[in-house]
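Sequence lines, in order, name chains A and B. For the first sequence, numbering that gives the first Met the number 0 assigns the number 0 to the initial residue and increments by one for each residue that follows. For the second sequence, numbering that gives the first Met the number 0 assigns the number 0 to the initial residue and increments by one for each residue that follows.
Protein chains: 2
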Amino acid sequence: MQETTPEPQQAQPEAGLRYRKKEAKRAAIIAAAQAEFIAHGFAEARLARVAAQAGVAKGTLYLYFDSKEALFDAVLRGALPLIFAPPAAPDPGTPPQVAFRRRLRAAIADMQASGRDKLALIVLSESAQFPGLARIYLEAILEPLFGLVRDYARSSGVARLEPLTRYPQLLLAPMLAATMWNRLMTERPPLDLPELLETHLTLVLGPPEGEPAGVTG
Amino acid sequence: MQETTPEPQQAQPEAGLRYRKKEAKRAAIIAAAQAEFIAHGFAEARLARVAAQAGVAKGTLYLYFDSKEALFDAVLRGALPLIFAPPAAPDPGTPPQVAFRRRLRAAIADMQASGRDKLALIVLSESAQFPGLARIYLEAILEPLFGLVRDYARSSGVARLEPLTRYPQLLLAPMLAATMWNRLMTERPPLDLPELLETHLTLVLGPPEGEPAGVTG
DNA sequence: CTGAAAAATGACTGGCGGGTCATTTTGTCC
DNA sequence: GGACAAAATGACCCGCCAGTCATTTTTCAG
């Protein structure tokens, strides 16, 4: 193996074993950190545990991240892009109410399944220390969801729903509250988020597949 | 003042200057601690600041409370009894919808005015460390509120509201979410909690004073 | 006023954990 | 294999802060 790929210059650095190992290690650290932050929150998270879990030494963490905060930031940013996986198919034949509900259900189920809903709580509770993160979270997650709700409320033409264009929070708040509830009340049977969402949507928007009010226009 | 109240035995200890000073100091400490916890959360709260604010030395805190946790506990317990100030008059002539809304409005306004809504957030965010506090909070604050909602939903006889008997959380979640929002999004104009409550109640229960659906029975 | 006990003080400590860096290990190229 | 550098290691450092305790101050009975 003398002159196989003799490119000692910059070239593409994505090839070497070095590079792949680094990437893998970075991923392992972020995964371990995510688990640690979810389990203990920011203040109680221990970098020693993160290192152990990731299978590296504590010092190694600092080759990849400047500080505990930077690591937290990386965990959060790593989670963000996944939160809005595009809904499998736009499916042009689906009526808007159905599509809307499906979209919400998918977003909630997805967040819950991946444990990223817990991250949201951490951002919320530690936001005093990281005002920047709150903004990121708002812009990357909440605003799009609010947009979804607003668009639906507006386009549905149902007068009752007009307040949702002003306060889209109202439709999403129970999901947040229920997530908190489940984190807090570990002794009680946890709330079933999908069912709660369904109940809430029915309460506010009307029954699922029926036509609560004629769609105008 | 020789033989005014010469009772050196145990007697009732509520009289002496000593006792009154102690009580005042205890109250001052709890007040200072409440402000500190609200401003910084549990982890970032500094007992040195609490002591300074209360006008005592740090060591003095430990004459009154065993630990930081015990102090937090005391703050929380001190706030609890106030949260449900009895509504000025039961007013037997008032229709239930009006009384119910009034009661909710009062509870929310009261919590917000006193800053105790922030305490709720702290309990939520630090609950991983203090599972006991979550229980206290649930039992002392949430359960009574849930009871209120359940009773109303049940007694109103409106079929649409049946889900509220199962998930009374749905009606209260927006208040929690809005409180978080206001804490997080300090750059944006804060949500008006009373207005948000009104909007949500209208959305779910129907317009304020009207009769959204015939009360059966 | 006096003495004794209760209350308050604040300099001090212990340990904890985030962050560092001299040393060792590993990957790469010839 | 040898030489070089990149990567990894983990013992160590250091600031911080909850909690302590020997000393001082205050209360109050006699």
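A virtual CB, placed ideally from N, CA and C, is assigned to each residue, including glycine.
Does residue i get closer than 9 Å to chain B when you measure Cβ to Cβ?
i: Thr201/A; result: yes
i: Pro207/A; result: no
i: Arg19/A; result: no
i: Pro130/A; result: yes
i: Ala127/A; result: yes
i: Gly15/A; result: no
i: Leu195/A; result: yes
i: Tyr166/A; result: yes
i: Leu60/A; result: no
Please identify the residue among the options whose C-alpha is closest to the C-alpha of residue i.
i: Ala172/B; options: Arg19/A, Leu196/A, Glu161/A, Pro94/A; result: Leu196/A
i: Thr178/B; options: Phe129/B, Ile121/B, Val148/B; result: Ile121/B
i: Gly54/B; options: Ile29/B, Gly40/B, Ser155/B; result: Ile29/B
i: Phe78/B; options: Phe36/B, Pro188/B, Lys57/B, His199/B; result: The sequence given here has Ala at residue 78/B, not Phe. Ranking the options by Cα distance to Ala78/B, first place goes to Phe36/B.
i: Pro162/B; options: Ser155/A, Ala108/A, Thr201/A, Leu60/A; result: Thr201/A
i: Leu132/B; options: Thr185/A, Leu170/A, Pro167/A; result: Thr185/A
i: Ala26/B; options: Phe99/B, Ala38/B, Val49/B; result: Val49/B
i: Gln33/A; options: Arg76/A, Thr59/A, Glu22/A; result: Arg76/A
i: Leu169/B; options: Trp180/A, Ala73/A, Arg165/A; result: Trp180/A
i: Glu142/A; options: Leu190/A, Thr164/A, Ala38/A; result: Thr164/A
i: Gly146/A; options: Pro94/A, Phe99/A, Gly205/A; result: Phe99/A
i: Ala73/B; options: Leu118/B, Arg101/B, Ala105/B; result: Leu118/B
i: Ala44/B; options: Glu68/B, Phe64/B, Thr93/B; result: Glu68/B
i: Ile135/A; options: Phe71/A, Leu192/A, Leu175/A; result: Phe71/A
i: Asp191/A; options: Glu125/A, Leu175/A, Glu22/A; result: Leu175/A
i: Lys20/A; options: Val157/A, Gln52/A, Tyr63/A, Leu46/A; result: Tyr63/A
i: Ala112/B; options: Thr198/B, Pro206/B, Asp65/B, Pro193/B; result: Pro193/B
i: Gly148/A; options: Pro130/A, Arg101/A, Pro189/A; result: Reading off the sequence shown, one finds Val at residue 148/A, where the question assumed Gly. Selected option, being the one with the closest Cα: Arg101/A.
i: Pro94/A; options: Leu160/A, Tyr151/A, Arg159/A, His199/A; result: Tyr151/A
i: Tyr61/A; options: Arg153/A, Lys24/A, Ala38/A; result: Lys24/A
i: Arg187/A; options: Pro130/B, Ala42/B, Ile140/B; result: Pro130/B
Nearest chain A C-beta to residue i closer than 9 Å, yes or no?
i: Pro95/B; result: no
i: Thr198/B; result: yes
i: Arg159/B; result: yes
i: Ala133/B; result: yes
i: Gln33/B; result: no
i: Arg76/B; result: no
i: Glu68/B; result: no
i: Ser155/B; result: no
Label residue i either buried or exposed according to how many other C-beta atoms from any shown protein chain fall within 10 Å of its C-beta, with 16 as the threshold for buried.
i: Ala212/A; result: Per-residue confidence for Ala212/A stands at a pLDDT of 46, beneath the threshold of 50, marking its modelled position as unreliable; no derived number is given.
i: Arg115/A; result: buried
i: Pro167/B; result: buried
i: Tyr291/A; result: Residue coverage of chain A in this structure runs from 0 to 216, which leaves residue 291/A outside it and unanswerable.
i: Asp97/A; result: It is worth fixing the name first, because residue 97/A is Val in this sequence and not Asp. Flag for Val97/A reads exposed.
i: Gly40/B; result: buried
i: Leu103/A; result: buried
i: Ala108/A; result: exposed
i: Arg182/A; result: buried
i: Pro12/A; result: Confidence is the limiting factor: at Pro12/A the pLDDT is only 47, short of 50, which leaves the residue's position unreliable, though a coordinate-based value still follows. Exposed, since its Cβ has fewer than 16 Cβ neighbours within 10 Å.
i: Ser155/B; result: buried
i: Ala106/A; result: buried
i: Leu204/A; result: buried
i: Glu125/B; result: buried
i: Phe127/B; result: Reading off the sequence, residue 127/B comes out as Ala, not Phe. Label assigned to Ala127/B: buried.
i: Ala47/A; result: exposed
i: Ala31/B; result: buried
i: Met110/B; result: buried
The ligand PLP heavy atoms versus the CB of residue i: any closer than 8 Å?
i: Leu160/B; result: Absence of the ligand PLP from the depicted structure is noted, as is the absence of any ligand whatsoever, leaving it without description.
- [ ] Check each residue of the segment 136-152 of chain A: if its Cβ is closer than 7 Å to any Cβ of chain B, include it; give the result in chain order.
- [x] Leu137
- [ ] Would you list, in chain order, the members of the segment 170-191 of chain B that have their beta-carbon closer than 8 Å to a beta-carbon of chain A?
- [x] Result list: Leu171, Ala172, Pro173, Leu175, Ala176, Ala177, Met179, Trp180, Arg182, Leu183, Met184, Thr185, Glu186, Leu190.
Open item on the list: Counting only Cβ-Cβ distances shorter than 7 Å, please list the residues of the segment 90-122 of chain A near chain B, keeping chain order.
Closed with: Listed by position along the chain: nothing, the set is empty.
- [ ] Identify each residue in the segment 41-54 of chain B for which the Cβ-Cβ distance to at least one residue of chain A is less than 9 Å, and report them in chain order.
- [x] Phe41, Ala42, Glu43
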